[in-house]
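Peer 1: Right, I'll just put the structure down here and ask away after.
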Amino acid sequence: MNVVNFVLFGGSGGGSSSSIPDSDSKNDNNSINKDKKKKKIEEHIDEHVKMNLRSKKGSNLKPIFTNNEENINYYLMNDGGNYDQLYAKYPICEAKYKLVNKMKGLNIFNSIMNRNRKIALVKNCIMEMYGILYVTIRNTNDVLSVVATVYGYVPLILILMTIIGLLATFDKYLLYFSFIIPTQFTINDLILKNILKINRPINSALNSYGMPSGHSCIGLSLLTFILLHLTEEKIDKWSILTYISAIIMLLPLPWSRVHIEDHTIYQVIFGSILGAFIGTIFFFIKKHFAKHKEK
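Terminal number for the sequence shown in UniProt numbering: 295, no gaps in between.
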């Protein structure tokens, strides 16, 4: 028995073998004692096998980044690791606003959520982060984080409204929007991001590069164009309403991207400056065509 324990358990079973009745004892013919002895051996082996499996699973838990100051470990869920042990050991962090839970309830986002997923082991609980349509979603206790998350979808809403409005009315100003949006996307996302190749903050679940900020670029390009256009229009209640609405919808976009940690402050500053430049260029293009039409 000592040899078996040494082979199976590396000598660690020596202490437990003393608790198993000796097969040469006087109770050797007692069937009850034999059953107890067999059960103890099986339990001993089963426990060591489970410990071995747990240690193998644990070897796959490799953080992509560790913040030693705040005791946070970050993991990417799409890197092939088995993180069931992590979920079995630690609970999900409690939060007042369960944005992740609400998004999980919508089947349309399930495939997107599984592709862009990151978890952070924050001391003794797990914080899940999902990238959904260029916005990181996480449970939070901060109402401003909820507001910032909602603002992240303003550009998408504006794009859909522009397409619908253009198809319905073919308004000339919406036509400028339809040129501004793809222009800033081409310059910002397709060219500059791939040249600079600067990553997003570690708390972002998005895998794309972050410099410059696309949300800030599209927000400031449209806002600049609208405000410059309104300076040439007659001031009435509708122009004032448009002015206020544009500021409320578009100006907070850079702040929202920093607040939910999808961008650094330098990335949103760069994106905002680029957006203001693009919006100004299109305003002068509009002005040029307006003068040409008058002639």
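We put the beta carbon where it would ideally sit given N, CA and C, even for glycine.
Ala95 to Phe170, Cα distance in whole Å?
Peer 2: 45 Å
Peer 1: Roughly how many angstroms lie between the CA atoms of Leu250 and Lys89, to the nearest whole one?
Peer 2: 43 Å
Peer 1: For the alpha helix (DSSP H) that contains Met249, what are its first and last residues?
Peer 2: Lys237 to Leu250
Peer 1: In its own chain, which residues sit with a C-beta less than 8 Å from the C-beta of Thr162, not counting the 5 before and 5 after it?
Peer 2: Within the same chain, Leu174, Phe177, Ser178 and Ile181 come within 8 Å of Thr162 by CB-CB distance, once the 5 residues on both sides are set aside.
Peer 1: To which residues of the same chain is Cys93 closer than 8 Å at the C-beta, ignoring the five residues directly before and after it?
Peer 2: Non-local beta-carbon contacts of Cys93 in its own chain, meaning distances under 8 Å to residues more than five positions away in sequence, involve Val122, Cys125, Ile126, Met127 and Asn139 in chain order.
Peer 1: Could you work out which residue in Ile187, Ile240 and Lys193 is closest to Asn207 when comparing CA atoms only?
Peer 2: Considering only alpha carbons, the answer is Lys193.
Peer 1: Alpha carbons only, please: which of Val135, Asn101 and Phe282 is nearest the one belonging to Glu261?
Peer 2: Val135
Peer 1: In terms of residue numbering, what span does the beta strand (DSSP E) encompassing Ile126 cover?
Peer 2: Cys125 to Ile132
Peer 1: Do you know offhand how far Leu228's Cα is from Phe283's?
Peer 2: 7 Å
Peer 1: For Cys217 versus Gly131, is the C-beta spacing smaller than 8 Å?
Peer 2: no
Peer 1: Can you look up Thr231 in the DSSP assignment and give me helix, strand or coil?
Peer 2: coil
Peer 1: Within this structure, are the beta carbons of Met113 and Met103 separated by less than 8 Å?
Peer 2: yes
Peer 1: For Ile285, does the three-state DSSP call read helix, strand or coil?
Peer 2: helix
Peer 1: With DSSP run on the structure shown, which of helix, strand or coil describes Ile278?
Peer 2: helix
Peer 1: Taking all protein chains shown into account, do 16 or more other C-beta atoms lie within 10 angstroms of the C-beta of Ala290, making it buried, or fewer, making it exposed?
Peer 2: exposed
Peer 1: Whole-angstrom Cβ separation of Asn101 and Ala205, contact assumed at under 8 Å?
Peer 2: About 16 Å; that fails the 8 Å criterion.
Peer 1: With a CB to CB cut of under 6 Å and the five nearest residues on each side skipped, what residues in its chain are close to Ser272?
Peer 2: Ser216, Leu220 and Pro254
Peer 1: Could you say which of Leu86, His288 and Gly279 lies nearest to Ile187 if we only look at CA atoms?
Peer 2: The closest CA to that of Ile187, considering only Leu86, His288 and Gly279, is found on Gly279.
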